[in-house]
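**Q** This is the structure I have questions about; it appears just below.
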Amino acid sequence: MTKHIDWRRAAGAVRTAAGSRTRARGKRRRPRASRVPRRPDYPRSGRTGWRRWVPSWRQLSASFLLAVAAVSGVVAIAYARTEIPEGLNGFATQQDNVYYWADGSPMARTGWVRRQEMPLDKIPKHVRWAVLAAENAGFYSDPGVSVSGVTRALWRTVGDGDTQGGSTITQQYVKNVYLSQDQSLSRKFTEVLLAIKVDRQHSKDRILEDYLNTSWFGRGTYGLQRAAQAYYGKDVTQLDASEGAFLAALLKGASLYDPAISPANRERAVERWAWTLDRMVEIGRLSREERARYTAFPEPRVPTTPSTSGGQNGYLVELAETYAKRAGRISDARFDLGGYQVYTTFQKPRTAALTRAVDAARAGLDPENRAADRYTRFGAASVAPDGRILAVHGGPDHQKQAFNESNAATVPAGTVFTPFVYAAALEHGVQRERGGPRTPVTPATVYDGDDGVPLRTPEGPYWDRAGKMVKATNLDGRSHGRISLGRALAESADAPFLQLGMDVGLEHVRRTAQSAGLLGSSLGPPVPDFALGNSTPSAIRMASAYSMFPGRGTHTEPYSVLRVTHKGEPVPLAAPRKRRAVSPTVADHVTDALSRAREEQATEERVDEEHGGDERGGEGPDGAAGKAGGTREDTARWYAGYTPTEATAVVVYRMDLAKSLAPLPLTGLGGDSTAGAGRPAAIWNQYMDAVRDVSPRTGDDRGKTR
432 MTKHIDWRRA
442 AGAVRTAAGS
452 RTRARGKRRR
462 PRASRVPRRP
472 DYPRSGRTGW
482 RRWVPSWRQL
492 SASFLLAVAA
502 VSGVVAIAYA
512 RTEIPEGLNG
522 FATQQDNVYY
532 WADGSPMART
542 GWVRRQEMPL
552 DKIPKHVRWA
562 VLAAENAGFY
572 SDPGVSVSGV
582 TRALWRTVGD
592 GDTQGGSTIT
602 QQYVKNVYLS
612 QDQSLSRKFT
622 EVLLAIKVDR
632 QHSKDRILED
642 YLNTSWFGRG
652 TYGLQRAAQA
662 YYGKDVTQLD
672 ASEGAFLAAL
682 LKGASLYDPA
692 ISPANRERAV
702 ERWAWTLDRM
712 VEIGRLSREE
722 RARYTAFPEP
732 RVPTTPSTSG
742 GQNGYLVELA
752 ETYAKRAGRI
762 SDARFDLGGY
772 QVYTTFQKPR
782 TAALTRAVDA
792 ARAGLDPENR
802 AADRYTRFGA
812 ASVAPDGRIL
822 AVHGGPDHQK
832 QAFNESNAAT
842 VPAGTVFTPF
852 VYAAALEHGV
862 QRERGGPRTP
872 VTPATVYDGD
882 DGVPLRTPEG
892 PYWDRAGKMV
902 KATNLDGRSH
912 GRISLGRALA
922 ESADAPFLQL
932 GMDVGLEHVR
942 RTAQSAGLLG
952 SSLGPPVPDF
962 ALGNSTPSAI
972 RMASAYSMFP
982 GRGTHTEPYS
992 VLRVTHKGEP
1002 VPLAAPRKRR
1012 AVSPTVADHV
1022 TDALSRAREE
1032 QATEERVDEE
1042 HGGDERGGEG
1052 PDGAAGKAGG
1062 TREDTARWYA
1072 GYTPTEATAV
1082 VVYRMDLAKS
1092 LAPLPLTGLG
1102 GDSTAGAGRP
1112 AAIWNQYMDA
1122 VRDVSPRTGD
1132 DRGKTR
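To convert, count from 1 in the sequence shown and add 431; that's our numbering.
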């Protein structure tokens, strides 16, 4: 009985304990719907200080996976919504550029960009692989984009602001024909998505064919077919691997690799050409035996000119195009796409008058029967004091001779340079003793004008490197005695200006000439002959420098474009630089002396006419100022003069362009023992007579009967 009671008590105790555990579990367990999500343990509990803010590896992994998922989702949505455009953008089409005279009338149209479609199977394989070797050797195996290349481009964008680089051929094609050329992350992102989609929807051969037919190769050409014609005068089907390697180099930028632009371009082109051929060998697309045959760089031919810019218009278009691209910061590739309206400063009546005057002088030569008349060039330009280039004569015909005779920077200025020496002396004074004070100079200051007077420095006579005493000589061989500087300039007494240049200091003369508008690159070495024009400015620059005098000492950089528009919108142009070269008083003194020089020139012309001379060509305007000039070697004859509204410079020289750009002697030109000294003045007179009644602002004829 006792054992039975003990057993019952033990069983009850077990049941009581089990019930307690069940109740305890019931209290802890809650319905699933009523659970509260656990808050992330961040900042982390159980840690102190900065350690509370260090995420755990679980938290880092979760954040990374979440970011990857988010980016993948954004990219997937963007890719799904990206559609391949049906039409091509402006970089795959072409328009003409239109040029206008100063009065707004059309002057010329140029359609530089030319294109012909060429099926891929007609483009030789070695030409195709030259392009692929240079641009994208893995083209046929890549997915349309280069992950490493895009990564590099993005890194450069973030680090250096450079968004270029890292593009496959598919990306380049997409950028060329579907997108704008702006450099931005958004454009790069769109480019990548489009490239992937194009690669998936189009065959590799179709992408390559379209790329080769729409890429820019310079010289106004799009596509390999037109590039082959422009650079080698043949169809693309006739190109060899060497020529193809050169054309492939142009895809990096024709403005950097076209040898016709500069010697530096040729050097880059040769290096890139050789590298491309070596790369073709490396990827197994050119045998070493064939590579060994290509040792000479395949020189492309000289660029040709469109027919719409022949005659004088070609020279004007060339000047305006160069200025518009520079002042408007327009790349060659973008300008060649066309659609620009270029309003020039050139005046049609003045250009026609200048051409007639030069043609009249040219008609007096007989190059077929007289050797001294061969290779004669006539450079002429007219520039307003505000910098506008009003007229230019560049040569007989731009289509026959692209060399611009008015822009030649290898012709010595000679004594037409002396007004700048005079201006520098009036502006800065002279220093005859080393360390001594500078003494003011006036037009009445007297110098020795005798021929053969020794040239002096503050230390004594000037000796050349051969140990010979240098003497100041006059170009006409006459001695003028003691003469005032103003009179010396009027009478073209050269000896005083050789000494004056030394007294002023050749560096002061150099700065004055450069401030007046002559390019520093054209100024000669600092030797005594610097004062007598060992510099080589062009006719355009000489006219611009002389325009500083009617501008009363202020020079404005010459410019040939008034405004540019593109698709009806103005293109911002950098304003021409304007600066003071000399004081107004100094400019007026120079004008006084050159006015007397002009009067004496007119007197000499009348005397020549009375004695049967035939080079006068008109009297020129009243009140004009000007100066004739020549060189010791008789390699150039100049006349530069001006009125209050324009300055005009004319130069006659001889140059055999087939041999060099060095001027030849003028001895015997036109059968004249004076080497045609009067021809530049005759051209100047005839031109100025013709434009006497033409407005310098618009070029309109005022209608006065002459």
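Even glycine gets a Cβ: it sits at the ideal position worked out from N, Cα and C.
What's the call for W894, buried or exposed, on a 16-neighbour Cβ count within 10 Å?
**A** Within the sequence shown, the letter at position 463 stands for residue 894. It is exposed - the Cβ of W894 has fewer than 16 other Cβ atoms within 10 Å.
**Q** Which one or two residues does DSSP pair with H997 in a beta bridge?
**A** Sequence index remark: in the sequence shown, residue 997 carries index 566 (1-based). Looking at the DSSP assignment, H997 forms a beta bridge with Y771 and E1000.
**Q** Output the boundary residues of the beta strand (DSSP E) element that contains D881.
**A** The residue labelled residue 881 in the question sits at position 450 within the sequence shown. No beta strand (DSSP E) contains D881, which DSSP labels as neither H nor E.
**Q** Could you give the first and the last residue of the continuous beta strand (DSSP E) run that contains W1069?
**A** As a first step, residue 1069 must be located in the sequence shown, where it is residue number 638. Run containing W1069: R1068 to Y1073, per the beta strand (DSSP E) assignment.
**Q** Less than 6 Å between C-beta atoms, sequence neighbours within five positions excluded: which residues of the same chain meet that for R546?
**A** For the purposes of this step, residue 546 is taken as the residue at position 115 of the sequence shown. Cβ within range, chain order: Y653, G654 and R657.
**Q** Output needed for Q612: all residues of its chain with C-beta closer than 6 Å, excluding positions within five of it in sequence on either side, in chain order.
**A** For the purposes of this step, residue 612 is taken as the residue at position 181 of the sequence shown. Confidence in Q612 is poor, its pLDDT being 49 and thus under 50, which makes the residue's placement too unreliable to answer from.
**Q** Taking its Cβ as the centre, do 16 or more other Cβ atoms sit within 10 Å of V789, making it buried, or is it exposed?
**A** Reading the sequence shown from its first residue, position 358 is the one you call residue 789. Buried, by the Cβ-count rule.
**Q** What span of residues does the alpha helix (DSSP H) with N644 cover, start to end?
**A** Here residue 644 corresponds to residue number 213 of the sequence shown, with the count starting at 1. Looking at the DSSP string, the run of the alpha helix (DSSP H) that includes N644 is K635 to T645.
**Q** In three-state terms, what does DSSP make of K831?
**A** Counting from 1 along the sequence shown, the entry for residue 831 is found at position 400. Coil.
**Q** Using three-state DSSP, classify I971 as helix, strand or coil.
**A** Stepping through the sequence shown from its first residue, residue 971 is reached at position 540. Here I971 sits in helix by DSSP.
**Q** Look up K665 in the DSSP assignment and say whether it is helix, strand or coil.
**A** Translated into positions along the sequence shown, residue 665 becomes position 234. Looking at K665 - three-state DSSP - the assignment turns out to be coil, as it is neither helix nor strand.
**Q** Under 8 Å by Cβ, that's how I've got P968 and S953 pegged, so tell me the actual separation to the nearest angstrom.
**A** Mapped onto the sequence shown, residue 968 falls at position 537. Mapped onto the sequence shown, residue 953 falls at position 522. Indeed they touch by this definition, with Cβ atoms about 5 Å apart.
**Q** Measuring CB to CB, does V608 end up less than 8 Å from T668?
**A** Numbered from 1 along the sequence shown, position 177 holds the residue referred to as residue 608. Numbered from 1 along the sequence shown, position 237 holds the residue referred to as residue 668. No, they are not a contact pair.
**Q** Three or more beta-carbon pairs under 8 Å between the stretch 909-923 and the stretch 875-894, yes or no?
**A** yes
**Q** Would you list the residues sitting across from L1095 in a DSSP beta bridge?
**A** Locating residue 1095 in the sequence shown gives position 664, counting from the first residue. L1095 pairs with R1085.
**Q** When the Cα atoms are used, what is the spatial distance from F848 to Q778?
**A** As a working note, residue 848 is residue 417 in the sequence shown. As a working note, residue 778 is residue 347 in the sequence shown. Spanning the alpha carbons of F848 and Q778 requires a straight line of approximately 27 Å.
**Q** In whole angstroms, what is the alpha-carbon distance linking Y571 and A626?
**A** Position 140 of the sequence shown, counted from the start, is the residue given in the question as residue 571. Position 195 of the sequence shown, counted from the start, is the residue given in the question as residue 626. Looking at the two C-alpha atoms, the distance is approximately 14 Å.
**Q** Report, in whole angstroms, the separation of the C-beta atoms of T397 and Q743, which I expect to be a contact under 8 Å.
**A** Residue 397 lies beyond the stretch modelled for the chain, which goes from 432 to 1137, so this question has no answer here.
**Q** If we call anything under 8 Å between Cβ atoms a contact, is Y1070 one with A1056?
**A** Walking along the sequence shown from the start, residue 1070 turns up at place 639. Walking along the sequence shown from the start, residue 1056 turns up at place 625. Taking 8 Å as the Cβ cut-off, Y1070 and A1056 do not qualify as a contacting pair.
**Q** Quick check: what's the CA-CA separation for T943 versus W647?
**A** Within the sequence shown, the letter at position 512 stands for residue 943. Within the sequence shown, the letter at position 216 stands for residue 647. Taking the straight line from one Cα to the other gives about 44 Å.
**Q** Report the rounded CA-to-CA distance for K553 versus T601, giving the unit in angstroms.
**A** Along the sequence shown, one-based indexing puts residue 553 at 122. Along the sequence shown, one-based indexing puts residue 601 at 170. Looking at the two C-alpha atoms, the distance is approximately 20 Å.
**Q** For N528, which residues does DSSP report across the bridge?
**A** Taking the sequence shown and counting its residues from 1, the one referred to as residue 528 is at position 97. For N528, DSSP records a beta bridge to T541.
**Q** How is K1009 classed by DSSP in three states: helix, strand or coil?
**A** Residue 1009 sits at position 578 when you count from the first residue of the sequence shown. It is a strand residue.
**Q** Check the C-beta distance from I971 over to V733 and give it rounded, since I have them as a contact under 8 Å.
**A** Translated into the one-based positions of the sequence shown, residue 971 becomes position 540. Translated into the one-based positions of the sequence shown, residue 733 becomes position 302. That belief does not hold up - the Cβ atoms of I971 and V733 are roughly 23 Å apart, past 8 Å.
**Q** Does the separation of the CB atoms of P1015 and G1054 fall below 8 Å?
**A** The count along the sequence shown starts at 1 and reaches residue 1015 at position 584. The count along the sequence shown starts at 1 and reaches residue 1054 at position 623. Cβ distance not < 8 Å, so P1015 and G1054 don't count as in contact.
**Q** When you compare the stretch 993-1006 with the stretch 757-764, are there three or more beta-carbon pairs, one atom per stretch, that lie closer than 8 Å?
**A** The stretch 993-1006, when compared against the stretch 757-764, does touch it at the 8 Å Cβ threshold.
**Q** Which residue spans inside the stretch 825-875 form an unbroken alpha helix (DSSP H) run of at least 4?
**A** Listed in chain order, they are 849-859.
**Q** Provide the residue span of the beta strand (DSSP E) that contains F809, from first to last.
**A** The count along the sequence shown starts at 1 and reaches residue 809 at position 378. Counting along the chain, the beta strand (DSSP E) containing F809 begins and ends at T807 to V814.
**Q** Enumerate in chain order the residues of its own chain whose CB-to-CB distance from V701 is below 6 Å, with the five nearest sequence positions on each side excluded.
**A** Counting from 1 along the sequence shown, the entry for residue 701 is found at position 270. So the qualifying residues of the chain are F728.
**Q** In the DSSP assignment, the alpha helix (DSSP H) including T1062 goes from what residue to what residue?
**A** Here residue 1062 is taken as the residue at index 631 of the sequence shown, counted from 1. Run containing T1062: none; DSSP gives neither H nor E here.
**Q** Round the Cβ separation of L670 and A659 to the nearest angstrom and send it over; I've been treating them as touching at under 8 Å.
**A** As a first step, residue 670 must be located in the sequence shown, where it is residue number 239. As a first step, residue 659 must be located in the sequence shown, where it is residue number 228. Right, their Cβ atoms sit about 6 Å apart.
**Q** Within the 8 Å Cβ cut-off, does P927 reach chain C?
**A** In summary, chain C is missing from the structure at hand, where a single protein chain is found.
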